[in-house]
């Protein structure tokens, strides 16, 4: 983990010296579509869920024609999963359970970006830190629905740090507007052994992101 963070810092500092093409600052936001990947026990219980992301980006040109650039970002990103609907009969009562578990991360991707006539392709490592989690549950009993929401900041047996990768493509106008589609995959396990009865052993976050943004300082 220390080596990864050191590499991230070195790459960013080296990029800042490549100022011939200038440095552009930007903002971005969009939607996430996430679930768990890997060896998940009873994986049919977990479905894709929607979330949001947003944050800042810094684009540094590496060669004169703007074909290649480095783009570190700092993003708030919601990951997690939706519980599959489940119905249970207890005596004369029928219960229906549904809900979602949202994990709020601070993600720092460092992406090498190829720019070709407005189209771009990007890939690179990503470091994440888990800030908190929210568990939203909806229980329906004989047609009467009750909802509950619980926030967690003390997450025992869940790994706070995450190392992964990001890859994507999109369109970036010289004047600033951009739109992009990206995939984030984790290389580290999501939880320690024993979490939720080992249901998440070797499970990893898997997220698609659709973003819109704006880079300042263009032509």
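In mature numbering (1 follows the signal peptide of the UniProt record, and there is no 0), the protein residues as written are -20 to -1, 1 to 199.
No residue lacks a Cβ here, since even glycine has one placed at the ideal position from N, Cα and C.
Note that the coordinates shown come from a computational prediction; the quantities given were computed from them, not determined experimentally.
*Alpha carbon to alpha carbon, what distance is there between residue 35 and residue 157?*
For the purposes of this step, residue 157 is taken as residue 177 along the chain shown, with counting starting at 1. For the purposes of this step, residue 35 is taken as residue 55 along the chain shown, with counting starting at 1. If I take the Cα positions, the gap works out to 15 Å.
*At least 3 beta-carbon pairs within less than 8 Å: the stretch 144 to 153 vs the stretch 162 to 174*: yes
*asked:* Between residue 107 and chain D, is the shortest Cβ-Cβ distance under 8 Å, so that the two count as touching?
replied: Among the chains of the structure shown, chain D does not appear; only one protein chain is present.
*So, are the CB atoms of residue 83 and residue 110 less than 8 Å apart?*
Position 103 of the chain shown, counted from the start, is the residue given in the question as residue 83. Position 130 of the chain shown, counted from the start, is the residue given in the question as residue 110. It is a contact, given that the beta carbons lie within the stated cut-off.
*Over the uninterrupted beta strand (DSSP E) stretch that includes residue 181, give me the two end residues.*
Walking along the chain shown from the start, residue 181 turns up at place 201. No beta strand (DSSP E) holds residue 181; DSSP gives it neither H nor E.
_Does the structure place the stretch 45 to 52 close enough to the stretch 17 to 32 that three or more beta carbon pairs sit under 8 Å?_
no
*asked:* Just list the residues that DSSP pairs residue 39 with in beta bridges.
replied: Numbered from its first residue, the chain shown carries residue 39 at position 59. The partner list for residue 39 (beta bridge, DSSP) reads 4.
_Own chain residues within Cβ distance below 6 Å of residue 182, not counting five before or after_ = Position 202 of the chain shown, counted from the start, is the residue given in the question as residue 182. Around residue 182: 18, 19 and 169.
_Secondary structure of residue -18, DSSP reduced to three states_ = The residue given as residue -18 occupies position 3 in the chain shown. With a pLDDT of 49 at residue -18, under the threshold of 50, the modelled position of that residue is not reliable, and the figure given next carries that caveat. The answer is helix: DSSP assigns residue -18 an H, G or I state.
*asked:* For residue 4 and residue 57, what's the separation of their Cα atoms in angstroms?
replied: Working through the chain shown from its first residue, we reach residue 4 at position 24. Working through the chain shown from its first residue, we reach residue 57 at position 77. Using only the alpha carbons, I get a separation of about 22 Å.
*DSSP three-state call for residue 140: helix, strand or coil?*
Here residue 140 is taken as the residue at index 160 of the chain shown, counted from 1. Residue 140: coil per DSSP, three-state reduction.
*May I ask which residues mark the beginning and end of the beta strand (DSSP E) holding residue 25?*
The residue labelled residue 25 in the question sits at position 45 within the chain shown. Element bounds for residue 25: n/a, residue is neither H nor E.
*residue 86 (DSSP reduced to helix, strand or coil)*: Position 106 of the chain shown, counting from 1, holds the residue named residue 86. Residue state, collapsed to three classes: strand.
_Reduced DSSP category for residue 186 - H, G, I as helix; E, B as strand; rest coil_ = The count along the chain shown starts at 1 and reaches residue 186 at position 206. In this structure, residue 186 counts as strand in the three-state DSSP scheme.
*asked:* For residue 80 and residue 31, I'd like the C-alpha separation in whole angstroms.
replied: Within the chain shown, the letter at position 100 stands for residue 80. Within the chain shown, the letter at position 51 stands for residue 31. Rounded to the nearest angstrom, the two C-alpha atoms are 11 Å apart.
*Is it buried or exposed for residue 140, if we count other Cβ within 10 angstroms and need 16 for buried?*
Residue mapping note: residue 140 aligns to position 160 of the chain shown, counting from 1. With fewer than 16 Cβ atoms within 10 Å of its Cβ, residue 140 is classed as exposed.
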